[in-house]
Each structure stands twice: as structure tokens, then as C-alpha cells.
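Below is one structure, written out as C-alpha cells, with a few remarks after it.
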Amino acid sequence: MATSDVSARDASGDRGGLFIRQTSGLVRELGIPAAVGISLASVAVVNTFINFNAGLTAFQKADMYLPLIAAAIIWLVAMFAYRYLLRAVPRAGGEYVYLSRIVSPVVGSIAGLGIAVVFTYVLSTNAHFAAEFTPFMLSGIGAVFHSTAIANAGNSVTSDGWVFGLSLIVMVIVAALSLSSVKLVARIIFGLILLQLLAFVVLMIVLAASSRSGFSSALASYSHHPGAFQAIISTGKANGVVFGTSIASMIAIIPFMVLNYNGVLYSYYVGGELRRPGRTYLYASVISLIVLVVLWGGVWALLRARVGLPFMQAQANLGAVNPAAYGKITSLDSVAGGLGYGMILTSNPIARLLFATAVPLAEIAVNLAFLTVTTRVLFAQAFDRLLPVRVAKVGERNHAPNVAIAIVLIVGAAFCYLTSFVNLSNIVALQSLFFALILLAGGVAATFLASRRPELVLGETSGSEAERKAFLRKVTIVGAATTLLALFTVFEIVSHTSVYGKFSVESIITLIVVLGAGPVIYLIARGIRRQRNALDLSLAMHELPPE
Amino acid sequence: MIGFRQAKKKRALRIYFVSDLHGSEVCFRKFLAAAKVYEPDVLILGGDFAGKGLVPVLRHGDSWSATVDGQQVTVPLGDYDRLQADVTKRGFYPVQMDEDELARINADPGLLDELFREQIREQARRWCDLVSERLDPSIRCIITPGNDDPVEADEIYAASDRVEFPSFQVCSLGPFSMASLAMVPTTPWNTERECSEEELAKLIDDMLEPLPADTTCILNFHSPPYASTLDDAPELDASLKPVIRGGRPSIVPVGSHAVRAAIKKYQPPVALHGHIHESRGVQKIGRTLCINPGSDYSSGVLRGAVVDLAEDGTCLDFLLTTG
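Top line first, the protein sequences correspond to chains P and C. Each residue of the first sequence is one higher than the one before, starting from 1075 at the first, in the numbering used here. Each residue of the second sequence is one higher than the one before, starting from 19 at the first, in the numbering used here.
Below, the structure is given as C-alpha cells:
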């Protein structure tokens, strides 16, 4: 079976191109539409409201246009680096495989374990976001069904303990669903993604059909406070909120928006199945980036036009620094952002249900997909003997990776506990940092690609020696540019200690665990194997001479 | 981890196993070079040695031209070796021809098929010669076919003095035996060696049942066991395109039920598989360690597995390799 190398269309010999004989094997047939679908399905579209809120809360004078565009450019540059990596290493595998193959097996193994831990951490933070949005969801459902009991239940699940408990429930639901058939899980993910996109489209329609005065009236009615709109702005001002926009703030927000686009290049994870991988991946990624810039930029423009930047800045900051004062004006959840505005602008029960459930359902969809990726990364570690082989064991009955799922669930629960007692901006900051580090890993791999494994990329060009050298230089430059942009993102996170740097003990422990797990486990595994006179781990990726 | 309690057992045999090279000259040379790195007692290439593609190289005046990765490449006559290396690296066969020959091949599928088989036989001869030239005589080299390999190549390998070709046979591996089987369950592509699950089960039983009870026999079955994660491949629709579910290609098990049943029934210490390139991995079914080293032949990267067996027939240790 397996994957053959060319499209069936290339099999026609009338162009004197390539003849393919009848053999088993998937012919690379995933085209641009499928690859765009994969990329967009990997992005949690409604999470943009979480990141909008994080940006508005963390920085004075925040605006999102520049960060949205700058982050898209960072991903655009990274896309070219990943394109070369994909051409050089066309199998799925991601940064772990790239670093192993190009830089060093040891570095790859370390990165692999780090990525496994990061992905598990992301699972827990997604569960945490779902828990954070549960009060908003319950109050929305309560409003739809005219049930004060449900609406009031939302107010009683806001403590750290409840958030931890709800995060845990989300993790268990995701783990339980993952134990069922792969096809069922895929259908669930697909359904949840559709609901998420539908909520986004409906929100844009609701916002477009509204006006500033309409929003002000709706907020007044919702809050039973005739001057709620102005009251939030004036109380915000009294509590130190600074209005307007500043370039410095917008630059500092870029890491949040980098996180926003996470997943947009994920069609490279299925590189082995893409038709003409380099070209398809390039087009699919560019189209996906453009769609997201238009979608998110459009909704931000609508929010600015209908709600106004001063209100959004006041609401986000007041809700964070003085929740009591905010609560006296309105019961609208201050972190709900655009979804909350949509909720009060429409009385349509279906639209309200969509807005209320969008974030929790989106997080479940993202976590279902992420759990699969995380277990795959754990499998890779087990196959490389860094983890026990039983980690990769699949169940006799359900054919699911029960052990790996259990490990992710346990570690994820521990992360849920930690994240429940760290403030939201720090969680997003850590997540931004982790993804910036993964991007950095990809950039480093691309930078070293031309010098360490030129034979893997030179297949792209069959020109003269000078042309080949120029091509290798281009690969290195693109890799270096990606590395620099990833370093810039990391620098922005580390240098803004007032926002990103307010690491608590828990978050620092988290960071140490994530970055230190790889080297520690590698050294332990290698040491144990040496003691046993077992096969040396360094042989696993020993470069073989072809002659 | 495997081997923790067996640390004091003595190694009786080291195997280096690869599969699905699909005509890649680079990978085959690395396969031979691996003998010095991993120091095995036996090298095993477990099927699908034949290439899949044939690239016509046309002469135009003082240059050669061919299509490589969808791009037209033209080189001076003196640079043929570089062009050839570009093509063979991908596991394709470069064939020099003129426009008339190309037209004849286009018009006659039978001619193309014969050309393919000729190239595969020719490569088999080259590879046998390479084994004789380069491999230390103390190291055995076993090559068995896979479902994509034409039967015409069998006689070339079988006639070699240096290569052993125990296709559909049980051969001796020092203190152990090894049963090899190229057949796989029916595929949508109607390949050279495939059959129904029932036939496959019978073939396996015919090989393994006659063995004495005290024989330790490892398996070299091209098809991996069903639903073992060593057999995960993209689900295809009726037009052989991948099915997308939930924004991802749907992955389904495509291994053999008969092979899985045989592993459960006979419980060999090790079962070596290939066939599904992207399902590199290791899985235990009962006491049996099942290994699929995967394949990345089109990148010129050799994926393999080093397996150590103890004197008592248990698996001491293993390592998946990428070289």
C-alpha cells in the first residue's frame, strides 16, 4: 500500500514525463480546497475573542488591526520556511522530525518531548477557556429558555475551584469521546467546527445590521441600567483606563495574534498526502491566511463601528481590575467580547444559543483534534524508546490508544489544576510563548536545512552549480527570517513583564516542566539503556552513508 | 521497557530489517552500509523492492531532457549521471529513448509493462552484484518480495549466490526460523501478490502448522496485522481519493485480519512488517513484538529496525532507525 510519489495525472506518458506502473498506494490527491479545509479546521476561529480580550486587558490603547496583519505576516514568512521543510521531509511529523533529521537527533528528541508536553498543556488551557466561558454559556442558555435557575447557575460556577472542576469535566469528555471510533470523532469535530463558523457568520450579520445607538439601547435593556454604555466608559476612565491607540501597544499585542493563527499552516502535517506538496501547501496556506485576515479584521471593524473601541477598552479593563464596579453596571460577562455583544443585540433564540455555546464547543472540537496529535507525538517518543513501548499500546476492543489517552488526561488534569489558579492573561501569555517556541524550532530547522542536508532540498532545482548555491542561500535566508520573527515574538513576550512576564510560581513550574522534560527524559532513558547494555539511543538516527 | 528483566540474557541474533525501498538506489546502498553501523548478523529487506515509476530521458541534440517532479529538466550530454541520480533517488527508472520509442510506449501498454519488468529485473541484478561487492561475507542478506514486486524478479534474486530469497518459505536464522510471506489482503489496485483473507489464513497455516512445536519462528509478513496502528492509512473513496472527515484525512486500518489471527495463535517473539509506509511503529500483540519500520524511500532516507533476539527466543531489544 503506501504513498506513491506522483499524481495519477503524471502517469500519462504523452508528455514524455513519467510512467507509473499499477502498484498499490495512495496517489497524492489532496488538492488545494482540501488543504485549505484542513488549515481552517485547525484554527479555533472564535478563540479570536479570547485573544482580543487578552490584548485589550493587557495593554492600554490597544487596537487589533496592526497585530492581526503583523501576525499574519509572521505566519506568511514561516509558511515559506515550512514549505522547504515539507519538500525536504515530505512525511508528516512536524518540528520534531525536522529537528531530528536536520539539526540533531538529540535536539529532535528533546523538542519532541517538549512539544508533547506543550500540546498537553494546550489541551488543559483549552479546557480552561471552556470552563471560563461556562457562566456566559449558562446565562445565555438561561435567557433563551427563560430559566433563572440556569442563568443563576452561571453565577455560581466562577470560583477557581469550579473552573478547575469544569476544566476537568471538559478533559474527561474529550478523552471519553476519543475512545470511540475514529469516524465518530471526526464527525463530532466536523459538526462542532460548523457550529463555530455558523456562530461567527451570524455574529457578523447581527453586528452589521445594528448601530452604535442600537447597541447602547440593547446594553441598557440587558443590564436594566439606562446609561450602562456611558457608565462603563466613565467608570473605566475613573479606574485608570487610557483610551485611544498606540503603536507600541499594538506591537506588544502581536504575540496574542500569533497565537490566534495557530493551526493555519497545519496542512503541512499531512504533507505526505498533498498533491504536489510544496505548491498545494503554499496556495492553501496563503488562501487560509487571507480568509482569516478578512474574517477577523472584518469582525474587528464591525465591533469598532458598532460598539466602539473606547467601550471595548473600558469593558475589558474594568472587568479585570474592578469586577465589583463593573458588576454594578451590567451582568454581561466582560470576557465574552463580540459573542457577548451579539447575545444582547439579538433576541433570536437560535442565534443566542450559537453565541452562548460557541467557545465551549469550539474548545471541545480543538481538544479532540489536539488529543489525536498529542497521542501521535507520544507514540513517536515510544517508538524512539524515550517512553515505554506500552505508551503506544492500542486497545484490543476499541483499537484506541488507551494508555496514551490516559497519560494525556492525567497530565492535562495536573495542568488544569495549575492553570485554574493563574490569571487568564498569564495563561494566554504562556500559550503564546509555547507556540512561539515551536515556531522558533521550525525556523531553526529551516535555517540549518541548506547547510546540513542540502541533498534534501536540492531536488527542487536542477540548474547549474551557481543556481543551486543561490537556491540554498534562499532557503537559509527564509529559515533565518522565520527564526528572527519567532525570536521577535519571544522577545515581545519576555520583555513585557507587566503583561507576559507576571509569571506565578505555578506558571514558572509549568514552563520548567515543558522545557526541561525533554532533556531529562532523554538522559534518563539513555542512562538506563546504557546500564542494561541495550542498543544505544544515538543509533536511532545515525546518518548512513549511501556508498 | 522491553528487555528490563532480560538484561542478563545473551544476544543470539541481531537483525536489521527494512521494507518498501521501491527501487531507491540510495536506500539500497544505505541498507548495505547499515551493516557496519548496526553490526547485525542478518540484513532483511522485507518486500516491495521494485520501483514504481519510469522516466523517459530523451536526447535532443547535445542535451538530455526528462521530467523530474513535474518539472522539465535539461542537462548537457556530459551531465547524464547527475540527471540519472536525480531520478533514481526517487526510486524511478531513467530510460534513455528517442521520440519514436516514446511514441511506441505511449501507444502500447504491453510494451510499457515489459519495459518496467525489464528495468526491475536489471535492478535486481545490480543489487545482487552490490551485495556481493560490498557486504561482509559473514553477514547474511535476505530479500523477500512484497505485493508490488513482479514475480519475474524472483528468479534473479533466487539465483544469486550471495542473496537469500526465501519467498513463501520458512528459512533458518541460526537458532531460529523465519517465515516469509509477500501476499497481502486484496487492495484497490489489483497488485501482483494479493488474495482474500481466507486464502491468506490458509497460506499462513500451511507454512506454520508443520513446524515442530519447539521451533522459535519469527514472522516476516509484508502485511501488518489489522488495527495494530502499524496499518493506518488514509481512507479512500471510490475514485481512490482520500476521504476528509473533521478537517483531516480519515485514517483507517488496512492490515490483515489473517495476519493478526496468526500472530495471536502462534505468538512468535517478533513479527516484521512493511506495506504501509506512513505507519512506522511498534505494537505488542500478546507476547509478539510487531514492527513496521515504515518507509521514506522517496526522500532517500532509509527507515529500519534493529532487533536483538536472545538465545531463549525472546526479544531482547529493538530500535527503530532513520538513516
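Built from N, CA and C at the ideal position, the CB exists for glycine as well. None of the values given here were measured: they were computed from a predicted structure.
Compare the C-beta of residue i with all C-beta atoms of chain C and state if any pair is closer than 7 Å.
i	result
P/PRO1619	yes
P/VAL1468	yes
P/THR1354	no
P/ALA1108	yes
P/PHE1274	no
P/LEU1609	yes
P/MET1211	no
P/ALA1144	no
P/LYS1615	Inspection of the sequence shows that residue 1615 of chain P is occupied by Met rather than by Lys. Interface residue, yes.
P/ALA1190	no
Is it true that the CB of residue j sits closer than 7 Å to the CB of residue i?
i	j	result
C/PHE67	C/LEU50	no
C/ILE62	C/ILE174	no
C/LYS48	P/LEU1618	yes
C/GLY71	P/ILE1094	yes
P/VAL1171	P/GLY1337	no
C/ALA200	C/ALA171	no
C/GLY318	C/VAL36	no
P/PHE1508	P/LEU1197	no
P/PRO1434	P/ALA1204	yes
C/ARG29	C/LEU290	no
P/THR1563	P/ALA1520	no
P/THR1449	P/PRO1475	yes
C/ILE269	C/ASP250	yes
P/ALA1302	P/ALA1292	no
P/LEU1363	P/ALA1108	no
C/GLY65	C/THR162	yes
Bridge partners of residue i, per DSSP?
i	result
C/THR340	C/ARG321
C/GLU182	C/ILE160
C/GLU212	C/VAL202
C/HIS78	C/SER81
C/GLN90	C/THR85
C/ASN310	C/GLY299
C/ASP326	C/ARG32, C/ASP335
C/MET196	C/CYS189, C/ILE236
P/TYR1170	For P/TYR1170, which the question treats as bridged, DSSP gives no partner whatsoever.
C/LEU133	For C/LEU133, which the question treats as bridged, DSSP gives no partner whatsoever.
P/ALA1227	According to DSSP, which records beta bridges pairwise, P/ALA1227 is partnered with nothing at all.
P/ILE1094	C/GLY71
Can you give the beta carbon distance from residue i to residue j, rounded, assuming they're within the 8 Å contact cut?
i	j	result
C/ASP80	C/PRO94	7 Å
C/PRO252	C/HIS293	Between C/HIS293 and C/PRO252 the Cβ distance is about 14 Å, and since that is not below 8 Å, they are no contact.
P/ILE1148	P/GLU1169	Incorrect: roughly 16 Å between the Cβ atoms, too far for contact.
C/ARG180	C/SER150	4 Å
P/ARG1632	P/SER1285	This structure gives no information on residue 1632 of chain P, because the portion of chain P shown stretches from 1075 to 1621.
C/GLY265	P/PHE1193	C/GLY265 to P/PHE1193, Cβ: 17 Å. No contact.
P/ILE1479	P/ALA1249	5 Å
P/ILE1328	P/PHE1133	About 11 Å separates the two Cβ atoms, so there is no contact after all.
P/LEU1452	P/VAL1465	6 Å
P/VAL1191	P/VAL1587	6 Å
C/PRO193	C/LEU31	7 Å
Is there a Cβ from chain P that is less than 7 Å from the Cβ of residue i?
i	result
C/ILE262	yes
C/LEU320	yes
C/VAL324	yes
C/VAL300	yes
C/LEU130	yes
C/ASP335	yes
C/VAL36	no
C/THR106	no
C/CYS70	It should be noted that the sequence gives Lys, not Cys, for residue 70 of chain C. Yes, C/LYS70 lies at the interface with chain P (some Cβ there is under 7 Å from its Cβ).
C/THR204	no
C/PHE134	yes
C/LEU338	yes
C/VAL55	yes
C/THR209	yes
Relative to the ligand SAM, is the shortest distance from any of its heavy atoms to the C-beta of residue i smaller than 6 Å?
i	result
P/LEU1266	Here there are no bound small molecules, and the ligand SAM is not part of this structure.
Considering only residues of the stretch 232-270 of chain C, which uninterrupted beta strand (DSSP E) runs meet the minimum length of 3 residues and lie entirely inside it, listed in chain order?
-> As summarised for the stretch 232-270 of chain C, the continuous beta strand (DSSP E) elements at least 3 residues long and confined to that stretch are 235-239, 250-252, given in chain order.
At what residue ranges does the stretch 1234-1316 of chain P contain a whole run of the alpha helix (DSSP H), taking only runs of 4 or more?
-> Runs found: 1234-1252, 1256-1282, 1286-1297, 1302-1312.
Can you give, in chain order, each stretch of the alpha helix (DSSP H) that sits fully within the stretch 1407-1451 of chain P and has at least 4 residues?
-> 1411-1419, all fully within the stretch 1407-1451 of chain P.
Just list the alpha helix (DSSP H) runs in the stretch 1110-1153 of chain P, keeping only unbroken ones of 4 residues or longer that don't cross its boundaries, in chain order.
-> If we require 4 residues or more, the alpha helix (DSSP H) runs fully inside the stretch 1110-1153 of chain P come out as 1121-1132.
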